[in-house]
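Structure, as structure tokens:
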Amino acid sequence: MAWITKPSGSMKINRRGEPYLTAAMREELARTIVPRYEVKRGALLPVLRHVQDHWGWLPWQALEEIAAFLEIKPAEVWDTASFYEEFWLEQPGAQGALTKGEHVIAVCRSIACEVCDHKKITDACRGKLGIDVGETTEDGKFTLMELECLGSCDTAPVALIGHHLHEKLTPEKVLALIDEAAKQPGHGQH
Ligand code: FES
1 MAWITKPSGS MKINRRGEPY LTAAMREELA RTIVPRYEVK RGALLPVLRH VQDHWGWLPW
61 QALEEIAAFL EIKPAEVWDT ASFYEEFWLE QPGAQGALTK GEHVIAVCRS IACEVCDHKK
121 ITDACRGKLG IDVGETTEDG KFTLMELECL GSCDTAPVAL IGHHLHEKLT PEKVLALIDE
181 AAKQPGHGQH
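Start counting the sequence shown at 1; every next residue gets the next number (the working numbering).
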């Protein structure tokens with residue numbers, strides 16, 4: 001969980017003429033994702049993920065557009081997006097921001113995974129990729145992160161690789177998963 005404060009009163013919002021939530025995206029979301037939920041706001045997390053998959057991150061303008069689309073307040077969208085570390089609220093690679101590889105490996109570092117030696121998983125990734133947590137490989141293929149609880153404590157240690165949760169990990173398993181991911185296109189870079 002990331003606690004992010006923002007200077008709401010003076011914050012400068014970069015805007016562009018064209019929407020991030022394009023007409024084609026609205027149509028697709030309205031057809032495929034929104035109907036799965038009893039109320040529109042229920043679709044917020046998958047909509048955030050869809051928009052992030054498309055653009056690689058979630059600009060503030062996109063959050064406002066998502067709010068209008070789901071008929072909720074922009075602050076509610078911000079609150080949700082800033083709660084989950086999986087969402088990128090700064091443009092990857094921009095000044096002061098992390099770069100983002102094609103595949104993001106996110107090892108859970110919260111208590112259950114810590115007890116089950118998540119460090120061995122992170123260390124295996126470090127050793128294999130030659131990068132530290134918060135870094136991206138030179139070829140842009142992988143970014144390594146550690147996140148708070150991924151909600152699968154009973155199968156600790158766990159990690160996300162892209163959108164997929166991998167459970168009961170061992171160093172050997174995660175190394176094999178990295179080899180497998182290296183052959184696939186990822187969701188990260190744009
Ligand atoms: S502590 Fe790792 S999934 Fe909950």
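Quick reminder that beta carbons are idealized off the backbone N, C-alpha and C, glycines included.
The alpha-carbon separation between leucine 165 and histidine 103 amounts to approximately 13 Å.
Inter-residue distance for isoleucine 121 and lysine 40 is about 38 Å (C-alpha atoms, whole angstroms). For the 8 Å CB-CB criterion, glycine 101 and threonine 143 form a contact.
Boundaries of the alpha helix (DSSP H) around histidine 118: 118–129. Here isoleucine 66 is not bridged, per DSSP, to any residue. DSSP places phenylalanine 142 inside the beta strand (DSSP E), whose first and last residues are 142–147. Listed as beta-bridge partners of valine 104 by DSSP are Thr143. Annotation: the continuous alpha helix (DSSP H) that includes alanine 24 extends over 23–32.
Under the three-state reduction of DSSP, isoleucine 72 is assigned to coil, being neither helix nor strand. Of all C-beta pairs linking the region 74–91 to the region 36–52, three or more are shorter than 8 Å, placing the two stretches in contact. Counting along the chain, the unbroken alpha helix (DSSP H) around alanine 112 starts and ends at 111–115. Taken in chain order, the whole beta strand (DSSP E) runs of length 3 or more contained in the region 143–183 are 159–161 and 164–166. In the DSSP assignment, threonine 136 forms a beta bridge with Thr143. At least one heavy atom of the ligand FES lies less than 7 Å from the C-beta of serine 152.
Around the beta carbon of threonine 136, 16 or more other beta carbons sit within 10 angstroms, so the residue counts as buried.
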